[in-house]
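Count the sequence shown with this note's numbering and you get residues 1269 to 1379, in order. Here's the structure we're looking at; comments come further down.
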Amino acid sequence: MFNESITVYHYDKKTDMYNKTVLNGWHWQSKITAQKDGKGTFNSIETTIISNAENAQNFGVAYEICINDRIVKGVNSDIKSFKELKDSICVNGIEVNVYGSSLDNIVVTGI
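This is how it looks when you write it as structure tokens:
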């Protein structure tokens, strides 16, 4: 189930650089929902990414994921701007479920 690699990009304001972290052992799930606004109907893609227990237990020690980071499915190259990313999600939620068991996980959501 946790067979996907992801690439996390974090913008560091202090250095004005984009830091890249590649992580293995994730499950990627996306769904398309139709939404209405004042101009009509449009599709929105909501993505949920779930870690395995090992990644969950290393969160905050070996790596971090923050709100507004960008995540790409698979292994991706270095970037100089978020605009270079074609199929990334913008992180808007992080749920850390670490209790010291084999069921530990991190749930990351984004659009």
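Note that beta-carbon positions come from the ideal geometry of N, C-alpha and C, so glycine has one too. It should be emphasised that the depicted structure is a prediction, and the values quoted were computed from it without experimental measurement.
Less than 8 Å divides the Cβ of GLY1378 from the Cβ of THR1315. If you check the CB distance, ALA1330 and ASN1365 do not come in under 8 Å. Cβ-Cβ distances below 6 Å link ILE1335 to VAL1359 in the same chain, with the five nearest sequence neighbours on each side left out; the list follows chain order.
If you compare the alpha carbons of LYS1281, ASN1271, LEU1291, ASP1280 with that of ASN1344, the shortest gap goes to LEU1291. Taking every protein chain shown into account, the CB of THR1275 has 16 or more other CB atoms within 10 angstroms, so this residue is buried.
One thing to note: GLU1332 has its Cβ no nearer than 8 Å to the Cβ of GLY1293. Residue state for ALA1302 is assigned as strand, using DSSP reduced to three classes.
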